[in-house]
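Peer 1: If you want the working numbering, it's the 1-based position in the sequence shown plus 4. Before we start, here is the structure in question, set down as structure tokens.
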Amino acid sequence: MASPPISELTQRAREIFRLVVEDYLASGLPVGSKTLAQRGEMNLSPASIRSVLSELEHFGLLAAPHTSAGRMPTDLGLRLFVDGIMQVGEPTAQERAAIEKQLSAPGPIEEALENTSALLSSLSGAAGMVMVPQREARLAQFSLVPLDQTRALAVLVSEDGHVENRILNLSGPVSPSALQEASNYISARLAGRTLGEAARAMQAEIASGRSALDEVSRRLVEAGIAVWSEDAARRPVLIVRGAANLLDDTALTDIDRVRQLLDDLENKQSVAQLLDTAREAESTRIFIGAENRLFALSGSSVIAAPYRDREGRVVGVLGVIGPTRLNYARVVPMVDFTAHSLGKRIG
5 MASPPISELT
15 QRAREIFRLV
25 VEDYLASGLP
35 VGSKTLAQRG
45 EMNLSPASIR
55 SVLSELEHFG
65 LLAAPHTSAG
75 RMPTDLGLRL
85 FVDGIMQVGE
95 PTAQERAAIE
105 KQLSAPGPIE
115 EALENTSALL
125 SSLSGAAGMV
135 MVPQREARLA
145 QFSLVPLDQT
155 RALAVLVSED
165 GHVENRILNL
175 SGPVSPSALQ
185 EASNYISARL
195 AGRTLGEAAR
205 AMQAEIASGR
215 SALDEVSRRL
225 VEAGIAVWSE
235 DAARRPVLIV
245 RGAANLLDDT
255 ALTDIDRVRQ
265 LLDDLENKQS
275 VAQLLDTARE
285 AESTRIFIGA
295 ENRLFALSGS
305 SVIAAPYRDR
315 EGRVVGVLGV
325 IGPTRLNYAR
335 VVPMVDFTAH
345 SLGKRIG
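Next comes the structure, spelled out in structure tokens:
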């Protein structure tokens, strides 16, 4: 059954629903009618509260893990709470200071990204995640070095001096002169371009028949560029820190879920793909439980936000992952503030 809009709930149902969700997020435990009645905020008997809880359960917003237990929000209920009830504030002065201090420290950007992931983990009590910017460096030189009869080493040098290597499997024996011809051809068209720009230019030249390369060298050029473009496409870089935070006291009662979550985090390719869906978001995105297929079994939530360089281009995504009982009202603004701060550091 689809949940009703928050406006269709009575004021009493809305208030009881809010209290159940807030208590659950704070404790991780189901909330019973006696507990709510003892708080005295609504001046209602446990029986009256139980009636409302049953109604909320009927709508699919709450569930009872055991017959005699209290209620806890479903994924549907958490979504309704996050979108319609939750009041998001600002990070505290201490949190802002900690974030800015960590990200303003001098050092290479890779170190800042590591620090960001660890910082998010520390402040949220969950696992912190940062996708490394996919920077397209301007390229300077390309070479193919023979290794044996069927393999060559493709070496790419960027203008900033960064060097990367890939193993290129050849379809058969290739002469050193053919490797050199392909290397010279690619290098001549790489200079000052990104790999994507160079690849498109070479492919267009070869397709139009304007290339003077022979058949062997042409195949080497196409294979050499494919090695780089395919690798970049399937190798997003993701930094995850603080997974040990997921093994808290409540995890002992649900160890299978936590084990599943840790297994999911090992699959960084899939996690990065999930985070990548937040690239086009104007602000922080929240994925709750079964809303995303990757973490459906572990019942986890992800809070993610894109970060931009000083020109406003999205260069990566950061966030936290933890149980669905994350303190959304606190973590959402923290993730958002960290994204803005990291963007200033990226430059």
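All residues carry an ideal CB built from backbone N, CA and C; glycine is no exception. The model shown is predicted, which means the values in this text are computed figures rather than measured ones.
Less than 8 Å between the CB atoms is what I'm expecting for residue 337 and residue 92, so what's the real figure, rounded?
Peer 2: Stepping through the sequence shown from its first residue, residue 337 is reached at position 333. Stepping through the sequence shown from its first residue, residue 92 is reached at position 88. With a Cβ gap of about 6 Å, residue 337 and residue 92 count as contacting.
Peer 1: For the segment 43-97, list the alpha helix (DSSP H) runs that are entirely contained and at least 4 residues long, ordered along the chain.
Peer 2: Here the runs fully enclosed are 50-62 and 79-88.
Peer 1: Got a sec? Which residues, its chain only, sit under 7 Å from residue 352 by beta carbon, not counting five neighbours each side?
Peer 2: Nothing about residue 352 can be read from this structure; the chain reaches only from 5 to 351.
Peer 1: Assuming residue 133 and residue 243 form a contact by the criterion Cβ under 8 Å, report the distance between their Cβ atoms to the nearest whole angstrom.
Peer 2: The sequence position of residue 133 within the sequence shown is 129, counting from 1. The sequence position of residue 243 within the sequence shown is 239, counting from 1. Contact flag correct, Cβ pair sits at about 7 Å.
Peer 1: Compute the Euclidean distance between the alpha carbons of residue 294 and residue 51, then round it to the nearest angstrom.
Peer 2: What you label residue 294 is simply residue 290 of the sequence shown in a count that begins at 1. What you label residue 51 is simply residue 47 of the sequence shown in a count that begins at 1. Cα-Cα distance, rounded: 32 Å.
Peer 1: In the structure shown, what three-state DSSP assignment does residue 188 receive?
Peer 2: Sequence index remark: in the sequence shown, residue 188 carries index 184 (1-based). Of the three classes helix, strand and coil, the one that applies to residue 188 here is helix, per DSSP.
Peer 1: Is the segment 317-335 close to the segment 267-280, with three or more CB pairs under 8 Å?
Peer 2: Contact holds: three or more Cβ-Cβ distances are below 8 Å.
Peer 1: Any contact of the segment 27-43 with the segment 337-350, i.e. 3+ C-beta pairs under 8 Å?
Peer 2: Too few Cβ pairs lie closer than 8 Å, so no.
Peer 1: How is the beta strand (DSSP E) around residue 143 delimited, first residue to last?
Peer 2: Taking the sequence shown and counting its residues from 1, the one referred to as residue 143 is at position 139. That run of the beta strand (DSSP E) goes 143-152.
Peer 1: Do three or more CB pairs link the segment 145-155 to the segment 174-190 at distances below 8 Å?
Peer 2: In short, these stretches touch, since the Cβ pair count reaches three.
Peer 1: By DSSP's criteria, residue 397 is part of a beta bridge. Which residues make up the other side?
Peer 2: Shown here, the chain extends from 5 to 351; a query on residue 397 therefore has no answer.
Peer 1: Give me the Cα-Cα distance between residue 111 and residue 285, rounded to the nearest whole angstrom.
Peer 2: Position 107 of the sequence shown, counting from 1, holds the residue named residue 111. Position 281 of the sequence shown, counting from 1, holds the residue named residue 285. Taking the straight line from one Cα to the other gives about 29 Å.
Peer 1: To which residues does DSSP link residue 291 through a beta bridge?
Peer 2: To locate residue 291, count along the sequence shown from 1; it is residue 287. The partner list for residue 291 (beta bridge, DSSP) reads 306.
Peer 1: Rounded to whole angstroms, what is the Cα-Cα separation between residue 288 and residue 67?
Peer 2: Mapped onto the sequence shown, residue 288 falls at position 284. Mapped onto the sequence shown, residue 67 falls at position 63. In a straight line, the C-alpha of residue 288 is about 27 Å away from that of residue 67.
Peer 1: Check the DSSP bridge columns for residue 162 and list the partner residues they point to.
Peer 2: For the purposes of this step, residue 162 is identified with residue 158 of the sequence shown, where counting begins at 1. DSSP output for residue 162 lists 143 as bridge partner(s).
Peer 1: Please look up how many angstroms separate the CB atoms of residue 108 and residue 245, rounded, as I've assumed it's under 8 Å.
Peer 2: Residue mapping note: residue 108 aligns to position 104 of the sequence shown, counting from 1. Residue mapping note: residue 245 aligns to position 241 of the sequence shown, counting from 1. Between residue 245 and residue 108 the Cβ distance is about 19 Å, and since that is not below 8 Å, they are no contact.
Peer 1: Compare the beta carbon distance of residue 191 and residue 153 with 7 Å and say whether it is the shorter of the two.
Peer 2: Position 187 of the sequence shown, counted from the first residue, corresponds to residue 191. Position 149 of the sequence shown, counted from the first residue, corresponds to residue 153. Not in contact: residue 191 and residue 153 (Cβ atoms no closer than 7 Å).
Peer 1: From 157, 318 and 142, pick the residue whose C-alpha is nearest to that of residue 166; which is it?
Peer 2: Here residue 166 refers to the residue found at position 162 of the sequence shown. Of the listed residues, the one whose Cα sits closest to residue 166 is 142.
Peer 1: Which of helix, strand or coil does DSSP assign to residue 119?
Peer 2: Indexing the sequence shown from 1 puts residue 119 at position 115. Note: residue 119 maps to helix in three-state DSSP.
Peer 1: Can you tell me where the alpha helix (DSSP H) with residue 244 in it begins and where it stops?
Peer 2: Taking the sequence shown and counting its residues from 1, the one referred to as residue 244 is at position 240. Note, residue 244: premise wrong, no alpha helix (DSSP H); beta strand (DSSP E) at 242-245.
Peer 1: Please tell me whether residue 319 and residue 77 are closer than 7 Å, where the distance is taken between their beta carbons.
Peer 2: As a first step, residue 319 must be located in the sequence shown, where it is residue number 315. As a first step, residue 77 must be located in the sequence shown, where it is residue number 73. For residue 319 and residue 77, no; Cβs fall outside 7 Å.
Peer 1: Determine the DSSP secondary structure at residue 284, reduced to helix, strand or coil.
Peer 2: Taking the sequence shown and counting its residues from 1, one reaches residue 284 at position 280. In this structure, residue 284 counts as coil in the three-state DSSP scheme.
Peer 1: For the candidate residues 179, 208 and 181, whose alpha-carbon lies nearest to that of residue 193?
Peer 2: Residue 193 sits at position 189 when you count from the first residue of the sequence shown. Comparing Cα-Cα distances from residue 193 to each of 179, 208 and 181, the minimum goes to 208.
Peer 1: Could you check whether residue 79 and residue 292 sit closer than 7 Å to each other, using their CB atoms as the reference points?
Peer 2: Translated into positions along the sequence shown, residue 292 becomes position 288. Translated into positions along the sequence shown, residue 79 becomes position 75. Contact: yes.
Peer 1: Can you tell me which of the three DSSP states residue 262 falls into?
Peer 2: Start at 1 with the first residue of the sequence shown, and residue 262 comes out as number 258. Correct three-state label for residue 262: helix.
Peer 1: For residue 17, does the count of other Cβ atoms within 10 angstroms reach 16, so buried, or fall short, so exposed?
Peer 2: Start at 1 with the first residue of the sequence shown, and residue 17 comes out as number 13. By the neighbour-count rule (16 or more Cβ atoms within 10 Å), residue 17 is buried.
Peer 1: Near residue 83, which residues of its chain fall below 6 Å by C-beta distance, leaving aside the five closest residues on each side in sequence?
Peer 2: By one-based count along the sequence shown, residue 83 stands at place 79. If we look at residue 83 and ignore the five residues flanking it on each side, its Cβ neighbours are 292.
Peer 1: Assuming residue 265 contacts residue 279 (C-beta within less than 8 Å), just tell me the rounded distance between them.
Peer 2: Stepping through the sequence shown from its first residue, residue 265 is reached at position 261. Stepping through the sequence shown from its first residue, residue 279 is reached at position 275. With a Cβ gap of about 15 Å, residue 265 and residue 279 do not count as contacting.
Peer 1: At the level of alpha carbons, what is the spacing between residue 90 and residue 241?
Peer 2: The count along the sequence shown starts at 1 and reaches residue 90 at position 86. The count along the sequence shown starts at 1 and reaches residue 241 at position 237. So the two alpha carbons sit approximately 33 Å from each other.
Peer 1: What residue from 115, 307, 14 and 315 has the CA that sits closest to residue 129's CA?
Peer 2: Position 125 of the sequence shown holds residue 129. Minimum Cα distance to residue 129 is reached at 307.
Peer 1: Go ahead and pull the three-state DSSP assignment for residue 156.
Peer 2: Locating residue 156 in the sequence shown gives position 152, counting from the first residue. Three-state DSSP puts residue 156 in a strand.
Peer 1: Is residue 101 helix, strand or coil by DSSP?
Peer 2: Taking the first residue of the sequence shown as 1, we reach residue 101 at position 97. Reduced to three states, the DSSP call for residue 101 is helix.
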